[in-house]
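Protein chains in written order, with the working numbering: chain A, 1 to 533; chain B, 534 to 1066.
Think of the CB as a built atom: it goes at the ideal place given N, C-alpha and C, for glycine as much as any other residue.
Written as structure tokens, this is what we have:
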């Protein structure tokens, strides 16, 4: 704990990052994102704003039983108490306490213009609000981070008052005071100057943090500048998601701090998870991963094979700013899809399938993944589909529990306003031809019901499997008609959940592919024989 | 000319930016991009590498007659002469001369390791290549820029040699020597340190340039740091397009230099063209504009309203780092979960609908938005649906161009493997009962085709409207069966795009709602009457 406290990697994907236009996480999504961030090894995960957002209140309640964090601690976010109220009576403060997180992050005004014009209270009352609220949580044994909203503008306008807010927070027991460039207008030189000045004026070794927004396209640089000037706590979000142009991308922050400045900010063995975690969170947020993102983008180390292809191959250090493998990425010379042998092998090993002694299988799977990814498939968030693909290659061919003859799905909006969906599937199961019909509240549910009905007599274990979540993405949507649809299906059994993928120009057929993988995986999982395999 | 020479905005979208994976400009595309960059007012446009790329040779030939530049000068790119050859005999040098541009940009090795290991020549010969080639073009009356490839790594490895390359170029008559962070591994503090040191060691006021790549997510910051350290020439690309994570985004560079550092880098009246030029170039490159791009993204100034909508309304300067209008952008308030009256009013005003004098309508819309958002609707990305909702409240009721009787959609996977979708809609249009059938590559396309077929005779303007993008989200996926599906449909006419939303437990019905809004909006838009409304 002591040494981890020398530097804080603080992730706010689930709170500030969720302000990104178009993003809307379910509670289940939030739990999955938190699990991924913990796997990556960040020190703190800010999960949301209990009280203000009902979904976030539920997230913290479920997190207590459903999240088993290995590296990170959860942080709940809230504001200082209302002006003129007693801190203990403030319902928002109570909701924050009730989240029962080991740490809380409080946002406070530090720009006197915001105090007077937005909050409409006095300079003194704002300081009292900061002091009271910090002390209240410290007294309850919580670690307190204080986010100074609009700090840099506030410091420029009235440095004395901005510093007074910082001093008040420290005096009340705050662990770290975070300087926020809330409107994102700063440049690195200004950040460095201000952080340096603030440290000098406070004296000692104040524990300062940095929260940057990307409105000048400098959020990562501003964060690095603050660290170089002495900040020991940095706030970022996965892939830089956030309001307006977003927050500082935590993957670029990690990459820069680790490989450029020699700060060890992740536990051993975690840096190489960056690419996978980045892409998996993008899938959950239902945002296409930025292929050109620094460090983690599929094209981050893609060189157009020009005059220097052979030189690059012989001497990659001359052309790459870091070795792509250390962040879990690959160098690509030709214009091909990602997934080299190394990442397939790494991924397989994670799933308990050792391909080290099977170069033939490794090659076959790598080729197949490349070919499918070129068609729009993505295995980043679809472990079950990837596992089926590797197992099929290991076993010498696909082992489906059934074969399809045909299906038909009908969706009707009737004259009386009722909307009904019905699906009929014709399949062969263990030599028997089975026709089954299912209804559902949509075409995919109906198809799922029909397929399950056809299979369940032969595979009774499927009766406990159900469809938990369903995500759809249109790829290359320049014209609706030419696009390809990618579907991710999350299924759950009694023990755990798994995700599968399907791609086709028709959303129903894409869903069918994902459902077939989902139930195939479910059948394999339900068979007692598999437990020992 | 003299004063314009004090600072160079040098655009390389068409040369280095064209290295971006997936980008392939035709010559006509290149001419269009050059025209847009000239309109924006950049000082130099690097158009390509004649000789190396046949398309670029043609570009320069056509540019002489087809491009009428008002602000910019064209630059052709090339390399220093081959080792051991006479400069006048080098075919690549000849092709560069034949491009007949007033200026050329020569790339040279400045990292001794690249000289020895990639170029496989001697330190001395490389210096001779630089000196000969620069002098050759200067003698022909051309202005010469020299790009020092991998300068920062080279300077770190062998500062004396790197400086010798710079000195050789200046001695031979180069106008500007550009320090390139070719592999993009630098951070701003290191750039500032190196540029400062180089200037000191060279003495006088050397005319230095900066070329940054975005591999640390700091390309813009590195460019700004170089300018702060004395560089007077910066190279960037539109939207940061380029190899790997790309180049420095010229729009963010312009925004930062102008609004943060007070450098006037564009002619009067040009700054506000940034958004339009950025999006137009994205269209030509066939890349979806990055909605979260600094300064020019559609979401760059989009605030999730929440608690502070009223404060933002009164005092936008407290929340925006610059006035969005000066770069041709708009502030947008997103109507979200926490929408109150203030944000509904503000949003309506953005859409040209003033509700200030209609508190009854404002209340009704606010209530309706809250109720619908509780059901899973989201208007933050669906301006067209929001506008229809407000207009319906203003006009006293919904004004749909048709009413639905029923529809039926069938998706079949046939025995021969073919997947087909077909939809039939029965609607009433202006008193007439219409039955129409459409096919598509999925249920939504089929439904869209059928509905459009039913309406187009009465509303011929719809023939130019099509479905551009389609997004699906399952909300609260705790159990597939209980989930609600939200669909966002982006449609486009001849002039602009609009987004609509639909929510239902059945994905097809949700899509239907979004399609109905999309075509209703399309009909209203296509009616000439609306232009004056």
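Residue i burial status per 10 Å Cβ neighbour count (16 or more: buried)
i              : result
residue 826(B) : buried
residue 794(B) : exposed
residue 497(A) : exposed
residue 922(B) : buried
residue 440(A) : buried
residue 435(A) : exposed
residue 322(A) : buried
residue 904(B) : exposed
residue 847(B) : exposed
residue 324(A) : buried
residue 928(B) : exposed
residue 494(A) : exposed
residue 430(A) : exposed
Closer than 7 Å to chain B by CB, residue i
i              : result
residue 480(A) : In this predicted model, residue 480(A) has a pLDDT of only 38, less than 50, meaning its place in the structure is not dependable enough to derive any value.
residue 187(A) : yes
residue 611(A) : Residue 611(A) cannot be examined here, being either before or after the span of chain A that is shown, 1 to 533.
residue 470(A) : yes
residue 603(A) : Because chain A here runs from 1 to 533, residue 603(A) falls outside it and cannot be looked at.
residue 25(A)  : no
residue 315(A) : yes
residue 329(A) : no
residue 252(A) : yes
Reduced DSSP secondary structure (H/G/I, E/B, other) of residue i
i               : result
residue 247(A)  : strand
residue 825(B)  : coil
residue 502(A)  : strand
residue 466(A)  : strand
residue 240(A)  : helix
residue 845(B)  : helix
residue 1013(B) : Residue confidence is low: residue 1013(B) scores 38 on pLDDT, short of 50, so the model does not pin down where it sits. Its coordinate-derived value is still stated next. DSSP places residue 1013(B) in helix when its eight states are reduced to three.
residue 92(A)   : helix
residue 1054(B) : helix
residue 1028(B) : coil
residue 878(B)  : helix
residue 407(A)  : strand
residue 216(A)  : coil
residue 299(A)  : coil
residue 797(B)  : coil
residue 53(A)   : coil
Any non-hydrogen atom of the ligand PLP within 6 Å of residue i CB
i              : result
residue 559(B) : Ligands are entirely absent from the displayed structure, and the ligand PLP is therefore not among its contents.
Interface partners of residue i on chain A, CB under 7 Å
i              : result
residue 778(B) : 292, 293, 294, 297 and 300
residue 647(B) : 318
residue 911(B) : 24
Within chain A, the residues that residue i reaches when beta carbons sit closer than 8 Å
i              : result
residue 697(B) : Chain A residues near residue 697(B): none, gap ~20 Å exceeds 8 Å.
residue 782(B) : 217
residue 854(B) : 183, 184, 185, 215 and 216
Contacts that residue i makes with chain B (C-beta to C-beta distance below 9 Å)
i              : result
residue 512(A) : 946 and 952
residue 117(A) : 844, 847, 848 and 851
Closer than 9 Å at the beta carbon, the chain A residues around residue i
i               : result
residue 757(B)  : 187, 188, 189, 216, 218 and 221
residue 1007(B) : 26, 469, 470, 471 and 472
residue 993(B)  : Going along chain A, no residue has its Cβ under 9 Å from residue 993(B), so there is no contact; the nearest lies around 20 Å.
residue 943(B)  : 408, 409, 410 and 411
Neighbour list for residue i in chain B, Cβ cutoff strictly below 7 Å
i              : result
residue 566(A) : What is shown of chain A runs 1 to 533, which leaves residue 566(A) out entirely.
residue 535(A) : Outside the displayed span of chain A (1 to 533) sits residue 535(A), for which this structure offers no information.
residue 401(A) : The contacting residues do not exist; residue 401(A) stays about 18 Å from chain B at best.
residue 443(A) : 944, 976, 1040 and 1041
Under 8 Å by beta carbon: chain B residues contacting residue i
i              : result
residue 303(A) : 776 and 777
residue 92(A)  : Neighbours of residue 92(A) on chain B: none; closest Cβ ~11 Å, over 8 Å.
7 Å Cβ cutoff, residue i in contact with chain A
i              : result
residue 923(B) : no
residue 789(B) : yes
Three-pair Cβ contact test at 8 Å for the region 708 to 724 of chain B versus the region 264 to 277 of chain A: Between the region 708 to 724 of chain B and the region 264 to 277 of chain A, the count of Cβ pairs shorter than 8 Å is below three; the stretches do not touch.
Can you confirm whether the region 86 to 104 of chain A touches the region 46 to 57 of chain A when touching is taken to mean that 3 or more C-beta pairs between the two stretches lie within less than 8 Å? Yes, since at least three Cβ pairs between the region 46 to 57 of chain A and the region 86 to 104 of chain A fall closer than 8 Å, the two stretches touch.
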